[in-house]
Structure formats: C-alpha cells, structure tokens
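Heads up: the sequence shown begins at 1 in the numbering used here, then just goes up one per residue.
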Amino acid sequence: MTPVDLPPEILPLVVMYPEVHYRFRALPISRYFIRQPEIIADAPHRIEPGQPLPVLLVIKDADRFPVLLQGVNLDIQGKDTYYTHHVNFGQEMVSTHWWHHIEWVDLPDEAPCEWTITPTWRIQLRGKYRAVGTDNLAGLSHKPLQVFQASDPLPRKEGWVFGDFHVHTAYTEDQIEFGAPLPAYPALGKAMGLSFVFASDHSYDLDDVPGSFTEADPNLIRFKQMQREIVQLNAEKSGEFVFIPGYELSAANSRGKNVHLLLVNQKDFLPGSGDSAERWLHRKAELTISEALAQMKKETLAVAAHPKMKAPLLERLLLGRGHWGKSDLEHESLFGLQVWNGGSGKDFQRGLKIWTKGLLEGKRWKLLAGSDAHGNFNRYRQVGIPMLYLTESDRQLFGKVRTGIRIRERLDLAGIMSALREDLSLVTDGPFAELSLKRINNNSISVNIAASSSSEFGELEVVKLFWGAEGEPQERIHLCHEDVGGYDFSIETEIPKPKGYVRIEVQTNKGCLCLTNPEFIEVQSQ
C-alpha cells in the first residue's frame, strides 16, 4: 500500500532499483533517505528444470556508508523441504560504491514448485550489529522472494533462443534509479532459460562523470567502460549467453517532445539528455529522431521503444516526454517496434494496432519484447513520488516477456544480429509458435503452423493465422482454431494469394500470448 493514492497516469514510469540517497539541495528532505547503503537480495522469478538457483546480493553506496558484512542466511521453503543455506563472508568490510555477489543454491527437485526464499543479512553498521531482510528500503514490505521451479523448459523448438530486449544495468544510475550489475544478467538469465539481453542503458546516464548524476563527461568514461565490460563478458560467455550492446537514446519527436529510441549494436555515442532532469527546466533533446537515425552506424538497428506508452503527467510536465507519432514512425531506417514493454495493457494493444497498420502500408517492422527492467528479477521496487515514498510490485519483471529468435549460427553477437535481421522471430510471455512456408505453385502457398505451451503457461486455447498485404484495408483471419486444448498443435493450410505476409497469434487458457513476426511471401516473376 502506498501512502498516497494517486492515479497511475501521473506517476513516473520508472521500473528499477530505487536510489534512496539523492536529495534536493534546496530542500534536503526525503522520507525514504537512510544512512545505510542500499542492501538488496534478488533472484529470478522462475528457473528452468535442473538449474541451480542464483541469488543476487547487492550493496550500493557503501563508499558513503561502509558496512561490515558477516553473512547472509537464506531460509528456503518448498513443498516438502525447509532448510537454511548459509553464505559466510567472515568479517568483510564493504566500502565500495558497488558490491555484488551471486550465490548458487542447489534446490531439491520438487518441480513444479513455488519456493519461498527468506534472506537475512548479518551486518555491522557504525559499530552496531543489524539484521536486514530481503532489502532495507524504507516503506517496503521486505517480503521473501518467490521462485517458481519449472517442471518443463520454456516452450520452443530446437534452434530457438529467447532474450529480454530492453534491460538496464548498473550503468543506468541517476537521482532515482539504478540497474543490476552486468554479470547478474547471464547468471540469472541463463537459469531462467534466456540466452541474450539488449543492454539498453539511458544515453543521459552513460555520458555522466563516474560518481555524478548530473555532470557531463566529455571523455565518456562510463560509456567506454560499459562497452569494454560487455566485450569481456561476451568473450567469457561465448556460446552460452550474449549481451547486445547499444543504448536507449532520448531524441525529439516531430513535436519536440522526448521519446526513446533503442540503438541496437551501436558502438558510437550519440548525446540525448532532454529528459534527464540533470538541469532544471532543460527539456530539449540534442537530436531529433531523424538526426539520430542519420548518424547511426550501418550495423546498428533502430527500434522505437514503447512507442505508444503514454507518459504520465509528471513526466510530461517536468521532463517533456511524449510518444511516437505517425510521422515519427515513417522513417525508412526504423527496423522495429518494442511494443511489448513488460505489460500487455492498453499501451501494448495500441502498439499492436500501429504495428499491423504499418505492415499493411508496406513496412517490414519487427515486433520486439522487453521488460524495461532495471534489475527487478523477482519484483520491482521503485520511487513512487520523489522524496515521498517508494513502492513495489511483482509486475514488469526481467524476462517475463521475451523475444524469441531462430538462430542457425553460433550463439554470439554476430549470430544473434544476423538472425534478428534475417530469420524467424516472435514475442511471447509463455507459449511458442512457428510457421514455415512452401510454394506449391504461382497461385498457392502451403503454410505449416506449429504451436506449443506447458502447464506453467496454460493449455493452448486459440491459434490464429493472419494474412495481410500492402494496400489491404485490414488483415484477414485465414485460420482460427478455438478451444484447442492440450500443449501441442500443428496444422497445414494453403494461402491462395502468392503475395503479402502471414503471421500467427496464440493464446493459452491462462491468458499467455505469442505473436510471430510476419513471414513475407515474395512474388515470383513469370
């Protein structure tokens, strides 16, 4: 429960670990300020069958508030098991800006099982011993972590990999938020069944002097350090997990409002600080969308981030944020739309309409899904109203919605980028779907449809095949099976028109969705 019941349309859209030590200089009062470092335990909300559980332990700002860390007790409760896992650090003095540790716990196999993990930190602060629960953030529940141990892996076919296409790392760090350390993503992500993430930190954080929220760094030390760390981790995890480099650029739309553009695999830095709140009443972006697209590298893919997410009132007033308009989406260089941004509410539905309308206008946009999580593996904790209160939820978690890609090459950055451009892809929060095309003759195309799910995500309920073509007023449902039942479905059908595109939508009886990106039917010359 929050202290003030305000409508969501005026609240910030930030979804992250909350920064609790920043206070306004003119009025240094904050209801959630603590004279302790931020102390947070986190864990994936689900793990694949046979995977150990990685528990992420984070301490931030201990350079300001040093602590003596003795250990962390993890009380672990399953269906038939209860025990305590002890993590001992002796008498480790933590006095750095960032500290983290990943503890691996071998859970007994009770799948499917919802495990309850209750952390207790044992620390000494200013000479006094203290016990801290899941976190020490003021006003939050500090409730245990909940981890689902799956009995079946994520539904997929061989050759498919899944990832979160919008995450923030520790290089996103400002007045109200910070993300998780980069090494946490392959550890926790792989346990969840993921193989890649797009590290999309804010452009206005990447150009700050290390240790400052507001001072611009002409040498771009933070940005370059992030790039080096991603290269190093990709080398260490080659064949297992991939970081896609790039960032989330703040750029001006056609009305001069700040919107977010994902520059995927962009190695050079472009400035974007219009909605950073680093300078009071400074809300003008350095670049327009057109200018940013003109400066991006050839290997970069440009994606509109949450294009139809309506910015809350406070963000519109204070940060000058807006949304992607029709003219903003006309740029030929735009590769795709990250419509699924954690939730599947009105913003998602509006985004889908824009996407399908664009396909009928001849666009070949890829649909992408990401959580926009700043850590938040088990639940998100966020600033509700700056300086007034924090809030938390179990929505918009890392890896809850996923982008799936069929990859035929090695699992590395080059292979992921090639597959993203050229091969099949989909978005899902559970079920899987794949289609394959085979030309029968110049007048007919055979389409093979395969869909699958699991008990975790529900039985297949609806499978639809959509057909569309440039110039058509709307898509047509070529095939619709309702009340499918079971966890596997396949069918073959024919498309009588050898042009346009086809795509699949799948829904389960638990409300989980899968949407494939379109497969285009190329017209053969006579």
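Note that the Cβ used here is the ideal one computed from N, Cα and C, for glycine as well.
Spatial neighbours of residue i in its chain, beta-carbon cut-off 6 angstroms, leaving aside the 5 residues before and after
i	result
H97	D63
Y185	V197
R534	Here the chain has residues from 1 to 526 only, and residue 534 is not among them.
D5	Caution applies to D5, whose pLDDT of 36 falls short of 50 and renders its modelled position unreliable; the model cannot decide the point.
N509	G458, E459 and E461
V506	P431, A433, A451, V463 and C514
I416	F196 and V242
A26	Confidence at A26 is low in this model, with a pLDDT of 49, below 50, so the placement of that residue should be treated as unreliable; the coordinate-derived value is given next. For A26, where only same-chain residues beyond five positions count, there are no Cβ hits under 6 angstroms.
S273	Y204
H21	With a pLDDT of 47 at H21, under the threshold of 50, the modelled position of that residue is not reliable, and no figure is offered here.
E494	S444 and S446
A311	R321
Y83	I76
L194	F162, G163 and G399
G256	none
P181	H100 and A170
Residue i, enclosing beta strand (DSSP E) - first and last residue
i	result
I244	V242 to I244
M93	Y82 to V94
W115	C113 to L125
F223	Taken as a continuous stretch (DSSP letters only), F223 belongs to no beta strand (DSSP E), being part of the alpha helix (DSSP H) at I221 to E236.
G336	L334 to N341
Q149	L145 to Q149
I40	E38 to D42
G370	K366 to G370
M76	The sequence as given places Ile at residue 76; Met does not occur at that position. Element bounds for I76: V67 to Q77.
R421	No beta strand (DSSP E) contains R421, which is instead part of the alpha helix (DSSP H) from L413 to E422.
P54	L53 to K60
V132	K128 to V132
S529	For the chain, the structure presents residues 1 to 526; residue 529 sits outside this window and is missing.
V401	Here V401 belongs to no beta strand (DSSP E), and DSSP marks it neither H nor E.
D164	W160 to V167
E110	Unbroken run through E110: none, as it is neither H nor E.
Unbroken alpha helix (DSSP H) run spanning residue i, endpoints
i	result
A191	A184 to M192
F348	K346 to L360
Y204	S203 to L206
Sequence-distant residues of the same chain with beta carbon closer than 7 angstroms to residue i, five excluded per side
i	result
P149	The residue asked about is misnamed: residue 149 is Gln in this sequence, not Pro. Same-chain partners within the cutoff: I47, L107, E110, A111, P112, C113 and W115.
Q36	F65, L125 and N136
L352	V339
D394	R379
D217	D207, D208 and V209
CB-CB length for residue i against residue j, believed under 8 angstroms
i	j	result
Q396	N376	7 angstroms
G325	N253	6 angstroms
A191	P49	The pair is not a contact, with the Cβ atoms about 11 angstroms apart (cut-off 8 angstroms).
N265	T300	5 angstroms
V87	P66	Not quite, the Cβ-Cβ distance comes to about 20 angstroms (not below 8 angstroms), so this is no contact.
S418	D152	No, S418 and D152 are not in contact; Cβ-Cβ is about 29 angstroms, not under 8 angstroms.
H374	F178	7 angstroms
L145	A41	7 angstroms
I76	I123	So it is not a contact: roughly 21 angstroms between Cβ atoms.
L261	A251	5 angstroms
I244	P307	Between P307 and I244 the Cβ distance is about 19 angstroms, and since that is not below 8 angstroms, they are no contact.
E248	D201	7 angstroms
S333	A302	5 angstroms
L69	H85	No, L69 and H85 are not in contact; Cβ-Cβ is about 16 angstroms, not under 8 angstroms.
Which listed residue (the options) has its alpha carbon closest to that of residue i
i	options	result
E404	L426, R255, R283 and Q77	First, the amino acid is wrong: residue 404 is Gly here, not Glu. The residue with the shortest Cα to Cα distance from G404 is L426.
A369	K60, L513, M192 and M93	L513
I407	Q295, G486, R156 and R130	R156
L220	V231, Q232 and S203	S203
P183	L262, Q146 and H101	H101
H481	Q474, E472 and I491	I491
E38	R402, T118, F89 and N136	N136
R279	T391, A414 and S212	S212
V147	S344, G78 and F162	G78
P473	T356, L68 and V58	T356
E164	D483, K257 and D429	Just to set this straight, residue 164 is Asp in the shown sequence, not Glu. Ranking D483, K257 and D429 by Cα distance to D164 puts D429 first.
F89	D80, T81 and E103	E103
D372	N442, H166, E158 and P52	H166
V259	G127, A292, K497 and E236	A292
Contact set for residue i: own chain, Cβ-Cβ below 8 angstroms, skip 5 residues either direction
i	result
Y501	L359, W467, G468, A469, P518, E519, F520 and I521
G511	G458
E392	L140, S141, R379, Y380, R381 and Q382
D412	N234, S238, G239 and V242
G486	E459 and L460
E409	G415, S418 and A419
L287	L249, A251, A252, L270, P271, G272 and Q295
Sequence ranges, beta strand (DSSP E) only - wholly within the segment 453–488, length at least 3: 460–468 and 476–482
Ranges of the beta strand (DSSP E) found wholly within the segment 283–337, counting only runs of at least 3: 301–305
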